[in-house]
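Please read the structure below before turning to the comments.
Numbering (the working numbering), first residue to last: 52 to 616.
Okay, here's the thing in structure tokens:
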């Protein structure tokens, strides 16, 4: 009865002030697509591996989180680059050390070159986990925050192909164990602020021995053995420095945060925050537009599952899965739990619909981490990809390496699990997956995947799906608010109805996807215009011709530039 009571209370109390109509989803026109991803890692000279220090034999929970990756264009040459934290080691039982990060510069013809040392972003003083990308100083170049155990790294992009580590100068003085982070302009001053999720109060002095299936009778301890750490929020001062404003902005205590996502969830033209917590209720922070946050996770229906229980939540994403114009929430969870799909009903009321949407049909044996919600087959709706892998070395009744999951949207927010590619391909192999991001690495209008693994090389997967649809690609450049346009809501008007996308900060797990927004359109459907609602509420219409595979650059307050991909 607990979930019913929570829902009833929320209907009376209310949450956010916005409300949207629920139009019928556009009908699918094209035949079903044969989705396929091809592993091009080796021939593309892609080499990055996250190491967790397992060889030490400490069984530290620090080893279980793994590392993420990021797709970005750090040098503005039009090619997709890859950044990946390197993890860490235990040189002795009294010390935690970091490993070098990788920065792979995208070249022509789907080749990459590791330039981390020359770019000044290889060395790490900390055991690293995640990365989040944004143009923090609005100079036109992407900066990187790197999370981990012991402190943050803030890699300021100097615009000449190099970075400078400036966490101390920027007053990003967080020393707690951080996992995911996300950028977004929370107080509307035009600069991207930083939310950093913290995990648990572990240390070498607080590393209990837990029983398990290892040869010595041990394994990694579960998170319930440790107290949670409070998250932290840094407001961007606009001069290269930040001010810590966690309590003054309304952050609540605790959490064990693993995933962070910033977007306009209540459609009121400011940026809200969702946090996926491990074994504790998830957070949803409603922003009043000035950076004052109110935590409404339980009231909104996004804190717990359909049994009224907190989950071991890791990765998170948002998207309009049923084409009603509202941002739904997607969360990957621990084994014996259901991955969570929360349908947005308006007025900040969400309903757990994993059963009704077919998500439950994949079973409960996966430990889900990085995830992406995109139209991979260009048929007009959002599909889902998930990287899976266990957090212990000797799981009971399960496997450490697990199958990745691909969920095809059948067109109305109902999903069916399919296995993309040919026999023996990536989706038919088991991996200890962690980070997962999307990027159009070959500029063909279809979104590809980049995946990081635990103690194994990361992979680049080219989308080779046989589709007759086409895509619209949109890049946002903010002027009055944050330069990346995080928090914007974009509607594509077509002959079959509207598609809506949301510019987000953070997302997936410890990772960052390419910043452009992609719309898939069936071949018989025509597009008439894009409507961009910028953070702050300014509305910009971009008329479209019948030309397909468009690439659009929209600058706030200026006419959009439209070309062909």
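Glycine included, C-beta positions come from ideal geometry on N, C-alpha and C.
- Relative to residue 417, the option among 122, 451, 133, 107 whose CA is nearest is 451.
- Pairing residue 160 with residue 494, the inter-Cα distance amounts to about 11 Å.
- With a cutoff of 8 Å on beta-carbon distance, residue 287 and residue 243 are scored as near each other.
- Residue 498 and residue 138 have their alpha carbons spaced roughly 27 Å apart.
- Of the other Cβ atoms in all chains shown, 16 or more fall within 10 Å of the Cβ of residue 365; this residue is therefore buried.
- The Cβ atoms of residue 141 and residue 104 sit closer than 8 Å to each other.
- Taken in chain order, the complete beta strand (DSSP E) segments of 3 residues or longer contained in the segment 507-581 are 510-514, 521-528, 540-545, 548-553, 568-572.
- Excluding residues up to 5 positions away in sequence, 205, 207 lie with their Cβ nearer than 6 Å to the Cβ of residue 217 in the same chain.
- Within 10 angstroms of the beta-carbon of residue 405 lie 16 or more other beta-carbons, which makes it buried.
- Within the DSSP secondary-structure output, residue 595 pairs in no beta bridge.
- Per the C-alpha coordinates, the member of 319, 146, 358, 615 positioned closest to residue 339 is 319.
- The beta carbon of residue 275 sits closer than 8 Å to the beta carbons of 330 from its chain, once the five residues preceding and following it are set aside; these are given in chain order.
- Secondary structure of residue 113 (DSSP, three-state): helix.
- With respect to residue 420, residue 440 sits close: the two C-beta atoms are nearer than 8 Å.
- Counting C-beta pairs with one atom in each stretch, the segment 482-494 and the segment 509-528 have three or more that are closer than 8 Å, which means they touch.
- With distances taken between CA atoms, residue 553 lies nearest to 235 out of 477, 235, 482, 460.
- Excluding residues up to 5 positions away in sequence, 212 lie with their Cβ nearer than 6 Å to the Cβ of residue 126 in the same chain.
- Here the segment 238-252 makes no contact with the segment 592-601; the two share fewer than three CB pairs at distances below 8 Å.
- As the crow flies, the alpha-carbon of residue 459 is around 10 Å from that of residue 424.
- Residue environment analysis places residue 612 among the exposed positions, since fewer than 16 neighbouring C-beta atoms fall within 10 angstroms of its C-beta.
- With contacts defined as CB atoms closer than 8 Å, residue 431 and residue 573 qualify as a contacting pair.
- Looking at 96, 309, 84, 509, the one whose alpha-carbon comes closest to that of residue 557 is 309.
- Burial check for residue 422: the Cβ neighbour count within 10 Å reaches 16 or more, so the residue is buried.
- As a beta-bridge residue in DSSP terms, residue 214 pairs with 208.
- With a 10 Å radius around the Cβ and a threshold of 16 neighbouring Cβ atoms, residue 605 comes out buried.
- The alpha carbon of residue 181 has as its nearest neighbour, out of 169, 191, 188, 203, the alpha carbon of 203.
- Residue 568 sits away from residue 485, with the two beta carbons spaced by 8 Å or more.
- Residue 233: member of the beta strand (DSSP E) spanning 229-235, first to last residue.
- Cβ-Cβ separation between residue 261 and residue 317: approximately 41 Å, too far for a contact (criterion under 8 Å).
- In this model, residue 132 and residue 401 are separated by some 36 Å (Cα to Cα).
- Put simply, the backbone Cα of residue 482 is about 42 Å away from that of residue 587.
- CA-to-CA, the gap between residue 323 and residue 265 works out to about 43 Å.
- Of all alpha-carbon atoms in 372, 336, 478, the one lying nearest the alpha-carbon of residue 464 is that of 372.
- For residue 426, the CB contacts under 6 Å within the same chain, skipping 5 residues up- and downstream, are 433, 571 in chain order.
- Close CB contacts of residue 154 within its chain, under the 6 Å cut and outside five residues either way in sequence, are with 134, 166, 167, 170, 172 (chain order).
- Cβ atoms of residue 577 and residue 545 come within 8 Å of each other, at about 7 Å.
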